[in-house]
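Participant:
Residue numbers (this note's numbering): 266 to 503.
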């Protein structure tokens with residue numbers, strides 16, 4: 266019993282160390298999401314786009330604290346700490362599910378507002394000389410270059426707005442305004458569809474991280490319960 270109890274205790278300690286590291290990953294991913302959202306915040310007016318990222322940051326910070334708490338509970342053989350730890354891990358698990366649901370339900374609203382704002386920028390705001398418009402120009406240029414798109418639905422949007430196609434629509438030599446003269450050097454996808462494709466292409470990695478975290482959380486909850494049971498059995502034998 267003593268050998269099994271000690272092995273279980275150190276296994277839980279190891280899991281919690283990994284859990285603590287994963288908490289840092291979740292928190293870092295949330296911070297990264299907010300930073301990246303700042304690169305194109307001028308393209309989206311008033312939305313709750315950062316709500317999911319804020320929940321990830323809060324969850325990651327709590328996971329770090331709980332992981333540390335679980336390590337202490339395992340090393341100190343504290344049944345009370347282990348029970349509280351298991352309950353808190355379960356609450357974090359529920360919180361992460363809520364974050365995923367919130368992010369999914371906001372998808373349609375964000376897409377609608379993004380399309381509306383992008384259309385306004387292309388037709389009215391882009392290319393003006395005021396400082397506010399220059400910030401918007403920079404945001405749209407960044408998005409078109411990094412996502413690989415041009416206009417709302419394609420290059421024709423710039424002609425409809427009676428404006429020249431910006432150099433950020435060019436696949437190569439985007440630093441030169443003359444790069445737009447070659448049609449085969451222009452991105453043909455609109456930024457709405459390209460943005461959706463960009464998100465979908467990265468869903469697999471995000472889902473993989475989420476599943477990995479969930480598996481670890483389930484393991485540590487089971488290990489904590491088993492350690493509490495083993496602690497009771499050891500006390501009974503004593």
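Quick reminder that beta carbons are idealized off the backbone N, C-alpha and C, glycines included.
Tell me residue 451's beta-bridge partners as DSSP assigns them.
Facilitator: Paired residues: 435.
Participant: What distance in whole Å lies between the Cβ atoms of residue 332 and residue 295, which are believed to be in contact at a cut-off of 8 Å?
Facilitator: In fact, because the Cβ distance is near 16 Å, the residues do not count as touching under 8 Å.
Participant: Judging by CA-CA distance, which residue of 455, 283 and 376 is the nearest neighbour of residue 421?
Facilitator: Checked all of 455, 283 and 376; the closest Cα to residue 421 is 455.
Participant: Whose C-beta lies closer than 7 Å to the C-beta of residue 310 among residues of the same chain, with five residues either side of it excluded?
Facilitator: Per-residue confidence for residue 310 stands at a pLDDT of 48, beneath the threshold of 50, marking its modelled position as unreliable; the derived number appears in the next sentence. Here the set comprises 378 and 382.
Participant: For residue 488, which residues from the same chain have a beta carbon less than 8 Å from its beta carbon, with the 5 sequence-adjacent residues on both sides left out?
Facilitator: If we look at residue 488 and ignore the five residues flanking it on each side, its Cβ neighbours are 273, 276, 277 and 280.
Participant: Runs of 3 residues minimum, wholly inside the region 458-495: which ones carry the beta strand (DSSP E) assignment?
Facilitator: Runs of the beta strand (DSSP E) inside the region 458-495: none found.
Participant: What residue range is occupied by the uninterrupted alpha helix (DSSP H) comprising residue 388?
Facilitator: Unbroken run through residue 388: none, as it is neither H nor E.
Participant: DSSP on residue 446, reduced to helix/strand/coil?
Facilitator: Looking at residue 446 - three-state DSSP - the assignment turns out to be helix.
Participant: Rounded to the nearest angstrom, what separates residue 483 and residue 463 at their Cα positions?
Facilitator: In a straight line, the C-alpha of residue 483 is about 31 Å away from that of residue 463.
Participant: So, helix, strand or coil for residue 416, using DSSP?
Facilitator: Correct three-state label for residue 416: coil.
Participant: To the nearest angstrom, report how far apart residue 437 and residue 444 are at their CA atoms.
Facilitator: Straight-line Cα distance between these residues: approximately 7 Å.
Participant: In the DSSP assignment, the alpha helix (DSSP H) including residue 421 goes from what residue to what residue?
Facilitator: First-last of the alpha helix (DSSP H) with residue 421: 421-425.
Participant: Cα-Cα, which of 461, 348, 297 and 353 is closest to residue 493?
Facilitator: Nearest C-alpha to residue 493: 348.
Participant: Within 10 Å of its beta-carbon, does residue 286 have 16 or more other beta-carbons around it, so buried, or fewer, so exposed?
Facilitator: Its Cβ having fewer than 16 others within 10 Å, residue 286 is exposed.
Participant: Specify the secondary structure class of residue 430 as computed by DSSP and reduced to three states.
Facilitator: Correct three-state label for residue 430: coil.
Participant: Among 380, 475, 340 and 353, which residue has its Cα nearest to the Cα of residue 290?
Facilitator: Minimum Cα distance to residue 290 is reached at 475.
Participant: Alpha carbon to alpha carbon, how far is residue 329 from residue 398?
Facilitator: For residue 329 and residue 398, the distance between alpha carbons rounds to 42 Å.
Participant: Tell me which same chain residues have a C-beta within less than 6 Å of the C-beta of residue 338, skipping the five on either side of it?
Facilitator: Excluding residues within five positions, the ones whose Cβ falls inside 6 Å are 346, 347 and 350.
Participant: How would you call residue 396, buried or exposed, if buried means at least 16 neighbouring beta carbons within 10 angstroms?
Facilitator: So residue 396 ends up on the exposed side.
Participant: Taking only the alpha-carbon atoms, compute the straight-line gap between residue 300 and residue 495 and give it to the nearest angstrom.
Facilitator: Going by the C-alpha atoms only, they are around 46 Å apart.
Participant: For a test of the three-state rule: what should DSSP assign to residue 395, helix, strand or coil?
Facilitator: Residue 395: coil per DSSP, three-state reduction.
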